[in-house]
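To get the working numbering, take the position in the sequence shown, counting from 1, and add 730. Virtual Cβ for every residue (Gly too), placed ideally from N, Cα, C. Report on one structure; see the data block that follows.
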Amino acid sequence: MPSAFSNGDTAWVLASSALVLLMTPGLAFFYGGMVRAKSVLNMLMMNFIAIAVVTILWVLYGWSVSFGNVGSGDGSGNGLWGGLHQWLLHDIGMGFGASPDGGTASGGTLFGATGVPIIAVVCFQLMFAIITPALISGSIADRTKFVGWTVYVAGWVTLVYFPVAHWVFSPNGFINHKLHVMDFAGGTAVHINAGAAGLAMAMVLGKRVGFGRDVMRPHNVPFVMLGVGLLWFGWFGFNAGSALGANGQASMVFVNTQIATCTAMVGWLLAEKIQHGTFTSLGAASGAVAGLVAITPACASVSPLGAMFVGLIPGFVCCYAVNLKNKLGYDDSLDVVGVHLVGGVLGTVLVGFFATKEMVGGYTNGAKAGLFYGGGASQLVAQMEGAGIVLAYSFVVSYVLGWVLNKTIGMRVSSDAEVEGIDSAEHSETAYDWGRLGASLRGALAGGDAVPVAAAASKTEPADNDVQEGVKA
């Protein structure tokens, strides 16, 4: 029977929901700083439209497909999907008064054995559904039509994310219940899922104009650092919020998340120093994200010592993995594959080595301790199976969906639009007023007065709309 309604646990879940929502604008700034100046608005818009589209679909049928059988009491749903009987959030216990499965007048129907109402979990899981397709946008930056992307997000969450979320997160999902995979907060459903889709879409849309020839530097590294800061902050809601309670498990998850993020940053910077002889702020930011990705599935199954390795190893490896696109010839614009796919796989698999008996005791799906803690190889095999299933399913369906949309409505902008700048072509806007900025810089460098606004506005924009070009002008 579910426990009594808990004000404190419910407040933590709702606060965590807000933290996870903040991650999507954080991701927008992280990605937006890494693209060229002529593409930054399009990248921001690709992330923000995901919030709108996924929210609508989540209410219509996304929650039902992902979790519709939880607490319904009617035996609907199975290991592959949750059914459609809770479309439009129908019959999830939002009403007041005592409910058959233990809800109270304060909260309606509760979620499983928690003291949290199902409607609070609806809010929390919605934020996961929003950020997952947003992650894909980084792999196809600079070249994707806004309408094509919007339709793709709708199709992808319907065909890929909602079913996979059920497999991984729902109590009777087959990856959770049958394979006994430990994925506390979404290493498979979020990061492997999005990373595999990112690889598929990079292959479908092809390389950017000038890829491998032109320098495509991040146009605003402070944006990147700001974005990582917001992601890091929000990730505590992502991971610790998945405990669905303000309790000891959430506290340990919080600590593990912080530890792994820091060791991953150190690992990435060490690998960067070995490869290039220097430390960069972009490397520090990327290493932190790699650590956040890797600890996501493992945060409730490893000790603080284990969290150090779950961060350090992926941080080091992912720094090398981002070079795969140059060797294999796919154009993953912002390294979604190298960070999210590789980091997600490593984090999921490392659970099979570092999961402790004490931490595994918090799971009810039959999971076992890892290889290093006396559990044998069975959990390692299960973790590899779960990661492989999600990777294969997401890649195949994502590739087919992207190919069909590209051949029908079209997903890639023209070469002329890409060279001119996708912000202008797709949104009739630019992020920066280069005429005024260029004129002001020329005046300052010459030691004279700034050019009047009217005159500055008439200046011709630099051809590439890049920050460096504007400064040189």
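Quiz item: residue 1003 lies in the alpha helix (DSSP H); which residues open and close that run?
Solution: Per DSSP, residue 1003 belongs to the alpha helix (DSSP H) from 978–1006.
Quiz prompt | Among 989, 1143, 1154, nearest to residue 879 - alpha-carbon criterion | solution = Of the listed residues, the one whose Cα sits closest to residue 879 is 1143.
Quiz prompt | Cβ neighbours of residue 1140 in the same chain (closer than 7 Å, five flanking residues each side left out) | solution = Contacts found: 875, 878.
Quiz item: So does the region 845–861 actually touch the region 783–803, counting three or more Cβ pairs closer than 8 Å?
Solution: Contact holds between the region 845–861 and the region 783–803, because three or more Cβ pairs, one in each stretch, are under 8 Å apart.
Quiz item: DSSP on residue 901, reduced to helix/strand/coil?
Solution: Reduced to three states, the DSSP call for residue 901 is coil.
Exercise. With DSSP as the reference, please indicate the residues paired to residue 840 in a beta bridge.
Key: 847, per the DSSP bridge assignment.
Quiz item: Can you tell me the Cα-Cα spacing of residue 1033 and residue 1085, whole angstroms?
Solution: Going from the Cα of residue 1033 to the Cα of residue 1085 covers about 8 Å.
Quiz item: Under the DSSP definition of a beta bridge, which residues are partnered with residue 1142?
Solution: Paired residues: 874.
Self-check item: Three-pair Cβ contact test at 8 Å for the region 976–991 versus the region 858–875
Solution: In short, these stretches do not touch, since the Cβ pair count stays below three.
Practice problem: Just list the alpha helix (DSSP H) runs in the region 744–804, keeping only unbroken ones of 4 residues or longer that don't cross its boundaries, in chain order. | Solution: The region 744–804 contains these whole alpha helix (DSSP H) runs: 770–787, 793–797.
Exercise. Would you tell me roughly how many angstroms separate the C-alpha atoms of residue 901 and residue 799, rounded to the nearest one?
Key: Spanning the two alpha carbons is a distance of roughly 9 Å.
Quiz prompt | When 1092, 1087, 949, 1041 are compared against residue 1076, the one with the closest alpha-carbon | solution = Among 1092, 1087, 949, 1041, the Cα nearest to that of residue 1076 is on 1041.
Self-check item: Between the CA atoms of residue 1165 and residue 1181 - distance to the nearest angstrom
Solution: Bear in mind that a pLDDT of 43 at residue 1181, under 50, signals an unreliable position, so the model cannot answer this.
Self-check item: Start and end residues, alpha helix (DSSP H) containing residue 1050
Solution: 1034–1051 is the span of the alpha helix (DSSP H), which, as asked, contains residue 1050.
Quiz item: residue 1073 by DSSP, collapsed to three states: which one?
Solution: Here residue 1073 sits in helix by DSSP.
Quiz item: Between the C-alpha atoms of residue 949 and residue 760, what's the straight-line distance to the nearest angstrom?
Solution: When rounded, the distance between both Cα atoms is 11 Å.
Quiz item: What are the boundary residues of the alpha helix (DSSP H) that includes residue 1088?
Solution: 1087–1090 is the extent of the alpha helix (DSSP H) around residue 1088.
Quiz item: Should residue 1148 go down as buried or exposed, given a rule of 16 or more other Cβ atoms within 10 Å for buried?
Solution: The residue in question, residue 1148, is buried, as its Cβ has 16 or more Cβ neighbours within 10 Å.
Exercise. Check whether the Cβ atoms of residue 964 and residue 787 lie closer than 8 Å to each other.
Key: Between residue 964 and residue 787, the C-beta spacing is not below 8 Å.
Exercise. Kindly indicate which three-state DSSP category residue 816 falls into: helix, strand or coil?
Key: In the structure shown, residue 816 adopts coil according to DSSP, grouped into three states.
Quiz item: Roughly how many angstroms lie between the CA atoms of residue 1124 and residue 915, to the nearest whole one?
Solution: Inter-residue distance for residue 1124 and residue 915 is about 18 Å (C-alpha atoms, whole angstroms).
Exercise. Mind checking which residues open and close the alpha helix (DSSP H) that includes residue 965?
Key: Run containing residue 965: 951–970, per the alpha helix (DSSP H) assignment.
Quiz prompt | Whether residue 927 touches residue 886 by CB criterion (8 Å) | solution = In this structure, residue 886 lies closer than 8 Å to residue 927 by Cβ.
Quiz item: If you count every other CB in all the chains shown that lies within 10 Å of the CB of residue 1057, and 16 or more means buried, which is it?
Solution: Counting Cβ neighbours within 10 Å, residue 1057 comes out exposed, since fewer than 16 surround it.
Practice problem: For my contact list, residue 967 and residue 745 are in at a C-beta cut-off of 8 Å; report their separation, rounded to the angstrom. | Solution: With a Cβ gap of about 7 Å, residue 967 and residue 745 count as contacting.
Practice problem: Return yes when the Cβ of residue 865 is within less than 8 Å of the Cβ of residue 757, no when it is not. | Solution: Residue 865 is positioned such that its CB atom lies closer than 8 Å to that of residue 757.
Exercise. For the region 1062–1081 and the region 1001–1012, state whether three or more C-beta atom pairs, one from each stretch, are separated by less than 8 Å.
Key: Output reads no: the region 1001–1012 does not touch the region 1062–1081.
Practice problem: Hey, could you find the ends of the alpha helix (DSSP H) residue 1159 is sitting in? | Solution: Where residue 1159 is concerned, there is no enclosing alpha helix (DSSP H), given that its DSSP letter is neither H nor E.
Quiz item: Which residue's Cα is closest to the Cα of residue 980: 1028, 911, 1069?
Solution: Measuring from the Cα of residue 980, the nearest candidate turns out to be 1028.
Quiz item: Thinking C-alpha only, which one of 957, 998, 1099 is nearest residue 1036?
Solution: For residue 1036, the nearest C-alpha among the options comes from 1099.
Self-check item: Under 8 Å between C-beta atoms of residue 1022 and residue 962
Solution: The answer is yes: Cβ separation under 8 Å.
Practice problem: Identify the continuous alpha helix (DSSP H) that holds residue 1095 and give its terminal residues. | Solution: First-last for residue 1095: undefined, no H or E at that position.
Practice problem: Could you have a look at residue 1022 and say whether DSSP puts it in helix, strand or coil? | Solution: It is helical.
Exercise. Leaving aside the five residues before and after residue 891 along the sequence, list all residues of the same chain whose C-beta is less than 7 Å from its C-beta, in chain order.
Key: Hits under 7 Å: 859, 862, 863, 923.
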